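Asks:
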Amino acid sequence: MCGIFLAVSKNTKTISKIYSQRDKIIKTIRRRGPDYLSIKKDSNFVAIHSLLSITGLRLQPIITDKLLILFNGEIYNDYKNYNHAYNDTDLIVKTINSRDNVAFTFFDGEFAICAYLFKRNRLLLATDPFATKPLYFQSGADFLIAGTFDTTVAKAGQRGEIKKVPANTLIEIDTKNFQIKSQKIIRPFDFSNQNSTDFEKWNHVFKKAIIKRTYNSRHRVFLGLSSGHDSGLMVAEMIEQKIPFHAYVMTYLEDQKIIDERIKILKKNQIKFDVLDPSKKEWRKIKNFVSKNVEPYKLINPDDSFQNFSDPDLRKNSGFIASALIFKHAKENGEFIGLSGQGGDEIYSDYYNEFANPKMSELKGKWHGVKGPWRNFYGGWNKVFLGGNERISSLFGIESRYPFLDFNVVQEFINLLPKLKSNYYKAPITNRLNELNFPFHPKKFGFAGFNDKSLVP
Numbered sequence: 001m002c003g004i005f006l007a008v009s010k011n012t013k014t015i016s017k018i019y020s021q022r023d024k025i026i027k028t029i030r031r032r033g034p035d036y037l038s039i040k041k042d043s044n045f046v047a048i049h050s051l052l053s054i055t056g057l058r059l060q061p062i063i064t065d066k067l068l069i070l071f072n073g074e075i076y077n078d079y080k081n082y083n084h085a086y087n088d089t090d091l092i093v094k095t096i097n098s099r100d101n102v103a104f105t106f107f108d109g110e111f112a113i114c115a116y117l118f119k120r121n122r123l124l125l126a127t128d129p130f131a132t133k134p135l136y137f138q139s140g141a142d143f144l145i146a147g148t149f150d151t152t153v154a155k156a157g158q159r160g161e162i163k164k165v166p167a168n169t170l171i172e173i174d175t176k177n178f179q180i181k182s183q184k185i186i187r188p189f190d191f192s193n194q195n196s197t198d199f200e201k202w203n204h205v206f207k208k209a210i211i212k213r214t215y216n217s218r219h220r221v222f223l224g225l226s227s228g229h230d231s232g233l234m235v236a237e238m239i240e241q242k243i244p245f246h247a248y249v250m251t252y253l254e255d256q257k258i259i260d261e262r263i264k265i266l267k268k269n270q271i272k273f274d275v276l277d278p279s280k281k282e283w284r285k286i287k288n289f290v291s292k293n294v295e296p297y298k299l300i301n302p303d304d305s306f307q308n309f310s311d312p313d314l315r316k317n318s319g320f321i322a323s324a325l326i327f328k329h330a331k332e333n334g335e336f337i338g339l340s341g342q343g344g345d346e347i348y349s350d351y352y353n354e355f356a357n358p359k360m361s362e363l364k365g366k367w368h369g370v371k372g373p374w375r376n377f378y379g380g381w382n383k384v385f386l387g388g389n390e391r392i393s394s395l396f397g398i399e400s401r402y403p404f405l406d407f408n409v410v411q412e413f414i415n416l417l418p419k420l421k422s423n424y425y426k427a428p429i430t431n432r433l434n435e436l437n438f439p440f441h442p443k444k445f446g447f448a449g450f451n452d453k454s455l456v457p
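What follows is the structure, given as structure tokens:
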């Protein structure tokens, strides 16, 4: 995980004004990249990058005689061969040089990329299939600004609407007039072949999604373990593949019987784990830290009239505060890669469960007739919760990785027969948990972490 900022303008006064705001800009992204901060300024651009070094200390922006690259995330295409002298940033530069716009269809991973092809007067903004790594932009008559967060862009001090680059999207901008030349989906999902009669292909690609997100890293992987499906399968698969990791368990509102059974399995396999039971004092401390250091962000679904939270302020949400507590402990233990179960609800059940809130679901368990993305696929609650998780993980310089949102994992789920998708809750996840003999319950609780109401006198 890194923080990025790029401003391009033919007006040197505009560039100078933006450069004068660099301290304010840096403040919005510095925690995302604690290892190194780089600032590059020319007559027509300002580029800022804060680095969290995962696969080697490759400083950005990368500037050649043809282009400038800023990149946040991780590309897994050549993950087995990454080392201190070669990593995914080098792969990006090489691929864009050789494949141009088509390069982005090749990238496998979680990413937000800014590519300024200055000799061709083009600027490319690209996101991964679900925009797991945020990227915002603002354009004016003589400038284009892009950055990790909306606040990153806003701190440049220019006027104009700030927009989020949509999921799975490549935007091409003409830097002669700063108009959008084209905007297109990078890798469309195929909904025309929903005929897989078993879960074997899904199992295979999910295993690969876990392996490539945990292999060849300088840092140990961690995750929060609940009694639910998504964290359960990530743990079960890592145990099956003999991948070392650290599990952080919080038991509030969880199924204690399932938690106890899972802890027994962790002990049996000599997996490092901690059960976090924060005191009121510790909870207040982490809650105050989040409140003071996270910019305002609302857990409001723009694609649905139904809203799930009486107070949508991210900074007051107990689940995200609990995540912050886990990230804090992980950072103290030298762990900077966190696996997230995001997408488990939005893709594999669309929130439909007899124990859950069906108002969050569009499909209501009816997979027959699904011919394209539903609201919670690219947008909806998937977009909302991804934005929340990235803001919380930023506080601690943690890189979140999302195996359930891996392109191939999602595509193989789509390929399943509608009847197979409907067999049971989160069908491929439930099936794999059964195969691995890993305990789970059929309910959907939602991660709460702590009884926030207990703080009220």
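The sequence shown begins at 1 in full-length UniProt numbering and counts up by one. By construction, the Cβ of each residue, glycine as well, lies at the ideal position given by its N, Cα and C atoms. This one's a predicted model, so the numbers in the text were calculated from it and none came from an experiment.
(1) Taking Gly344 as the reference, give the member of Phe189, Val410, Lys80 with the closest Cα.
(2) For Glu362 and Pro373, what's the separation of their Cα atoms in angstroms?
(3) Would you please state the rounded distance, in angstroms, between the beta carbons of Ile173 and Ser139? I believe it to be under 8 angstroms.
(4) Taking the straight line between their C-alpha atoms, what separation do you get for Gly334 and Met1?
(5) Is Asn168 buried or exposed, if buried means 16 or more other CB atoms sit within 10 Å of its CB?
(6) If we count Cβ pairs, one from each stretch, closer than 8 angstroms, do we get three or more for the segment 279–296 versus the segment 398–405?
(7) CB-CB under 7 angstroms to Thr132, same chain, minus the five flanking residues each way: which ones, in chain order?
(8) Please classify Asn437 as buried or exposed, where buried requires at least 16 neighbouring CB atoms within 10 angstroms.
(9) Would you list the residues sitting across from Arg401 in a DSSP beta bridge?
(10) In angstroms, rounded to a whole number, what distance separates the CA positions of Ile243 and Tyr76?
(11) Please report the straight-line C-alpha distance between Pro457 and Lys292, rounded to a whole angstrom.
(12) Are the CB atoms of Gln21 and Gly157 nearer to each other than 7 angstroms?
(13) Are there three or more Cβ pairs, one per stretch, closer than 8 angstroms when the segment 37–49 is compared with the segment 84–92?
(14) Return the Cβ separation of Thr127 and Ala112 in integer angstroms, given the expectation that the two are a contact with Cβ distance under 8 angstroms.
(15) Check whether the Cβ atoms of Ile414 and Phe191 lie closer than 7 angstroms to each other.
(16) Please state whether DSSP places Gly3 in a helix, a strand or coil.
(17) Residues bridged to Ala112 by DSSP?
(18) Taking the Cβ atom as the reference point for each residue, do Asn408 and Val205 lie within a distance shorter than 7 angstroms?
(19) Assuming Gly365 contacts Tyr352 under a Cβ cut-off of 8 angstroms, what Cβ separation, rounded to an integer in Å, is found between them?
(20) If you check the beta carbons only, do Ile62 and Val102 fall under 7 angstroms apart?
(21) From this set, Lys164, Asn376, Asn216, which residue's C-alpha is nearest Lys359's C-alpha?
(22) Quick check on residue 458: does DSSP put it in helix, strand or coil?
(23) Pick out whichever of Leu416, Ala427, Pro302, Phe440 has its Cα sitting closest to the Cα of Asn193.
(24) Opposite Val290 in the DSSP bridges: which residues?
(25) Less than 6 angstroms between C-beta atoms, sequence neighbours within five positions excluded: which residues of the same chain meet that for Tyr19?
(26) Quick check: the Cα distance between Lys419 and Met238, rounded to an integer number of angstroms?
(27) Helix, strand or coil for Gln411? Go by DSSP, reduced to three states.
(28) Can Thr214 and Val8 be called in contact, C-beta distance under 7 angstroms?
(29) Taking C-alpha atoms, which residue in Leu68, Trp283, Asp260 lies nearest to Arg120?
(30) With DSSP as the reference, label Ser139 as helix, strand or coil.
(31) Residues in its own chain within less than 7 angstroms of Phe320 by CB, not counting five upstream and five downstream?
(32) Give me the residue from Arg31, Phe143, Phe107, Thr28 with the minimum Cα distance to Thr12.
(33) Tell me the DSSP secondary structure of Tyr351 in three-state form.
(34) As an exercise, report each continuous beta strand (DSSP E) stretch of at least 3 residues that is fully enclosed by the segment 265–330, in chain order.
(35) When you compare each of Pro34, Leu170, Phe118 to Thr105 by their alpha carbons, which one comes out closest?
(36) Using CA coordinates, which residue listed in Phe118, Arg432, Val384 is at the minimum distance from Asn301?
Replies: The answer reads as follows:
(1) Walking along the sequence shown from the start, residue 344 turns up at place 344. If we check each option's Cα against that of Gly344, Val410 comes out closest.
(2) In the sequence shown, the residue the question calls residue 362 occupies position 362. In the sequence shown, the residue the question calls residue 373 occupies position 373. Using only the alpha carbons, I get a separation of about 11 angstroms.
(3) Residue mapping note: residue 173 aligns to position 173 of the sequence shown, counting from 1. Residue mapping note: residue 139 aligns to position 139 of the sequence shown, counting from 1. Right, their Cβ atoms sit about 7 angstroms apart.
(4) Along the sequence shown, read from residue 1 onward, the residue named residue 334 stands at position 334. Along the sequence shown, read from residue 1 onward, the residue named residue 1 stands at position 1. Answer to the nearest angstrom: the Cα atoms are 15 angstroms apart.
(5) Sequence index remark: in the sequence shown, residue 168 carries index 168 (1-based). Buried is the call here.
(6) Counting Cβ pairs under 8 angstroms, fewer than three are found: no touch.
(7) Taking the first residue of the sequence shown as position 1, residue 132 is located at position 132. Excluding residues within five positions, the ones whose Cβ falls inside 7 angstroms are Glu110, Leu386, Tyr402, Leu405.
(8) Taking the first residue of the sequence shown as position 1, residue 437 is located at position 437. It is exposed - the Cβ of Asn437 has fewer than 16 other Cβ atoms within 10 Å.
(9) Numbered from its first residue, the sequence shown carries residue 401 at position 401. DSSP, once it has assigned bridges, lists Leu339 as partnering Arg401.
(10) Taking the first residue of the sequence shown as position 1, residue 243 is located at position 243. Taking the first residue of the sequence shown as position 1, residue 76 is located at position 76. About 17 angstroms.
(11) To locate residue 457, count along the sequence shown from 1; it is residue 457. To locate residue 292, count along the sequence shown from 1; it is residue 292. Because the pLDDT of Pro457 is 41, which lies under 50, any placement of that residue in the model is unreliable, and the question is left without a value.
(12) One-based indexing of the sequence shown puts residue 21 at position 21. One-based indexing of the sequence shown puts residue 157 at position 157. It is a contact, given that the beta carbons lie within the stated cut-off.
(13) Cβ pair count under 8 angstroms is below three, so no.
(14) The residue given as residue 127 occupies position 127 in the sequence shown. The residue given as residue 112 occupies position 112 in the sequence shown. The Cβ separation is near 6 angstroms, so the contact holds.
(15) Walking along the sequence shown from the start, residue 414 turns up at place 414. Walking along the sequence shown from the start, residue 191 turns up at place 191. Yes, they are a contact pair.
(16) Within the sequence shown, residue 3 is the residue found at index 3, counting from 1. It is a strand residue.
(17) Residue 112 sits at position 112 when you count from the first residue of the sequence shown. The partner list for Ala112 (beta bridge, DSSP) reads Asn72, Thr127.
(18) The count along the sequence shown starts at 1 and reaches residue 408 at position 408. The count along the sequence shown starts at 1 and reaches residue 205 at position 205. In contact: Asn408 and Val205 (Cβ atoms closer than 7 angstroms).
(19) Along the sequence shown, one-based indexing puts residue 365 at 365. Along the sequence shown, one-based indexing puts residue 352 at 352. Their Cβ separation, rounded to whole angstroms, is 4 angstroms, which keeps Gly365 and Tyr352 in contact under 8 angstroms.
(20) Counted from its first residue, the sequence shown places residue 62 at position 62. Counted from its first residue, the sequence shown places residue 102 at position 102. No, the pair does not count as a contact, with Cβ atoms beyond the cut-off.
(21) As a position in the sequence shown, residue 359 is number 359, starting the count at 1. Of Lys164, Asn376, Asn216, the residue nearest in Cα terms is Asn376.
(22) Given that the chain is displayed from residue 1 to residue 457, the structure contains no residue 458 and the question cannot be resolved.
(23) Residue numbering aside, residue 193 sits at position 193 when the sequence shown is read from its first letter. The shortest Cα separation from Asn193 among Leu416, Ala427, Pro302, Phe440 belongs to Leu416.
(24) Sequence index remark: in the sequence shown, residue 290 carries index 290 (1-based). Looking at the DSSP assignment, Val290 forms no beta bridge with any residue, so it has no partner.
(25) As a first step, residue 19 must be located in the sequence shown, where it is residue number 19. Result list for Tyr19: Lys41, Val46, in chain order.
(26) Residue numbering aside, residue 419 sits at position 419 when the sequence shown is read from its first letter. Residue numbering aside, residue 238 sits at position 238 when the sequence shown is read from its first letter. Approximately 29 angstroms between the Cα atoms of the pair.
(27) Position 411 of the sequence shown holds residue 411. Helix at Gln411.
(28) In the sequence shown, the residue the question calls residue 214 occupies position 214. In the sequence shown, the residue the question calls residue 8 occupies position 8. Result no, Cβ atoms of Thr214 and Val8 do not sit closer than 7 angstroms.
(29) Your numbering for residue 120 matches position 120 in the sequence shown. Ranking Leu68, Trp283, Asp260 by Cα distance to Arg120 puts Leu68 first.
(30) For the purposes of this step, residue 139 is taken as residue 139 along the sequence shown, with counting starting at 1. Reduced to three states, the DSSP call for Ser139 is strand.
(31) To locate residue 320, count along the sequence shown from 1; it is residue 320. Taken in chain order, the residues that qualify are Leu314, Gly388, Ile392.
(32) Position 12 of the sequence shown, counted from the start, is the residue given in the question as residue 12. Answer by Cα proximity: Phe143.
(33) Position 351 of the sequence shown, counted from the first residue, corresponds to residue 351. Coil at Tyr351, not helix or strand.
(34) List check, beta strand (DSSP E) in window: 272–275.
(35) As a first step, residue 105 is located in the sequence shown; it is residue number 105 there, counting from the start. Cα-wise, what sits closest to Thr105 is Leu170.
(36) Residue numbering aside, residue 301 sits at position 301 when the sequence shown is read from its first letter. Closest option to Asn301, Cα to Cα, is Val384.
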